[in-house]
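Report on the following structure.
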Amino acid sequence: DTAVSQTPKYLVTQMGNDKSIKCEQNLGHDTMYWYKQDSKKFLKIMFSYNNKELIINETVPNRFSPKSPDKAHLNLHINSLELGDSAVYFCASRSTRNLSHEQFFGPGTRLTVL
Amino acid sequence: AQSVTQPDIHITVSEGASLELRCNYSYGATPYLFWYVQSPGQGLQLLLKYFSGDTLVQGIKGFEAEFKRSQSSFNLRKPSVHWSDAAEYFCAVGSSNTGKLIFGQGTTLQVKP
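Read top to bottom, the protein sequences are chains F and P. Numbering of the first sequence is given in this note's numbering, commencing with residue 4 and proceeding in unit increments. Numbering of the second sequence is given in this note's numbering, commencing with residue 3 and proceeding in unit increments.
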């Protein structure tokens, strides 16, 4: 009965590879987000989708491409991985009908680029 | 521009002592404010939130926070800290239109026995 799930939990790969991280929520929410947490634990928004439409695209390299096949899924594809991409990536979701704007977070995916 | 500042990077308290973690925000409109906790190797768990109404909000695990508009602050408090409270604490402000969260730098809480 996990609310927001991410796969994989850990991802170790070589520089230059292409990888994907998947996120699924079973809360019936209409908006999903990707956040990046760097080595100093700082959390920053990357992307957001509302009803499969991109609504936030922060200053992220275009090697990062989010894809939302439906409201319950938001995947993150990363091309030509670089050392600086090593981080923990968190998916989150919320319902725009919820007045408090509360977001529910997944467990995170720790990406290590060697 | 919207921003959140947590002035204390690291705080150590003794078990049973009271705790206050500071958070200051910059936001043009009425803010949506949150405190999240992250245990080592874990995701983010919501402790409490403020978006309207009573400025003193109660959360889980015995935490509370007070919204003070005049000071642009949303400090987190707990009267008696338990060893299991050792974690990273993040204050965040939410955008009213996109809902994106802007986080502070986080405060690492260490609890001494």
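C-beta atoms are modelled at their ideal positions from N, C-alpha and C, and glycine is treated no differently.
key: Limits of the unbroken beta strand (DSSP E) element including LYS94(P)   = Note that residue 94(P) is Ala in the sequence shown here, rather than Lys. Unbroken beta strand (DSSP E) run through ALA94(P): 89-96.
query = Counting pairs of Cβ atoms below 8 Å between the region 48-61 of chain P and the region 92-106 of chain F, do you hit three or more?
reply = At 8 Å Cβ cutoff, the stretches touch.
message = Less than 8 Å between the C-beta atoms of SER71(F) and MET35(F), yes or no?
response = Going by C-beta atoms, SER71(F) is nearer than 8 Å to MET35(F).
6 Å CB neighbourhood of THR110(P) in its chain, flanking five on each side removed = Counting only Cβ-Cβ distances below 6 Å, and skipping sequence neighbours, we find HIS12, GLU90.
query = With burial defined as no fewer than 16 other Cβ atoms inside 10 Å of the residue's Cβ, what is the status of ARG97(F): buried or exposed?
reply = Per the 10 Å Cβ criterion, buried.
ask   = Mind pulling the chain F residues with CB within less than 8 Å of GLU90(P)?
value = Near GLU90(P) (Cβ distances below 8 Å), the residues of chain F are LYS44.
task = Would you identify the three-state DSSP class for ASN43(F), choosing helix, strand or coil?
result = Contrary to the premise, residue 43(F) reads as Lys rather than Asn in this sequence. Here LYS43(F) carries a coil assignment [DSSP, helix/strand/coil].
ask   = Any beta-carbon of chain P closer than 8 Å to the one on GLN106(F)?
value = For GLN106(F), the answer is yes, since a Cβ of chain P falls inside 8 Å of its Cβ.
inquiry  = Any beta carbon of chain F sitting closer than 8 Å to that of TYR34(P)?
reply    = So yes, TYR34(P) belongs to the interface.
task = Look at VAL113(P) and ASP87(P) and say whether their C-beta atoms are less than 8 Å apart.
result = In this structure, ASP87(P) lies closer than 8 Å to VAL113(P) by Cβ.
query = What did DSSP end up calling SER8(F) once you bin it into helix, strand or coil?
reply = In the structure shown, SER8(F) adopts extended strand secondary structure according to DSSP, grouped into three states.
Same chain, Cβ closer than 8 Å to LEU30(F), neighbours up to 5 away in sequence not counted = Excluding five sequence positions before and after LEU30(F), the CB atoms of its chain that fall closer than 8 Å to its own CB belong to ALA6, VAL7, SER96, SER98, PHE107, given in chain order.
ask   = What residue range is occupied by the uninterrupted beta strand (DSSP E) comprising TRP37(P)?
value = 34-40 is the span of the beta strand (DSSP E), which, as asked, contains TRP37(P).
query = Any Cβ of chain P within less than 8 Å of the Cβ of LEU86(F)?
reply = It does not: the Cβ of LEU86(F) has no partner Cβ on chain P nearer than 8 Å.
ask   = Helix, strand or coil: which one does DSSP assign to TYR16(P)?
value = Residue identity differs from the one stated: residue 16(P) is Ser in this sequence, not Tyr. Strand, per DSSP.
query = Among SER72(P), TYR38(P), GLY45(P), which has the Cα closest to the Cα of GLY111(F)?
reply = Checking every option, the nearest Cα to that of GLY111(F) belongs to GLY45(P).
ask   = By how many angstroms is the C-alpha of GLY87(F) removed from the C-alpha of CYS26(F)?
value = In a straight line, the C-alpha of CYS26(F) is about 22 Å away from that of GLY87(F).
query = Taking only beta-carbon atoms, is THR100(P) less than 8 Å away from chain F?
reply = It does: the Cβ of THR100(P) has a partner Cβ on chain F nearer than 8 Å.
ask   = In terms of residues, what are the limits of the beta strand (DSSP E) holding THR109(P)?
value = Residues 109-114.
ask   = How long is the line joining the alpha carbons of PRO81(P) and SER74(P), rounded to whole angstroms?
value = PRO81(P) and SER74(P) have their alpha carbons spaced roughly 22 Å apart.
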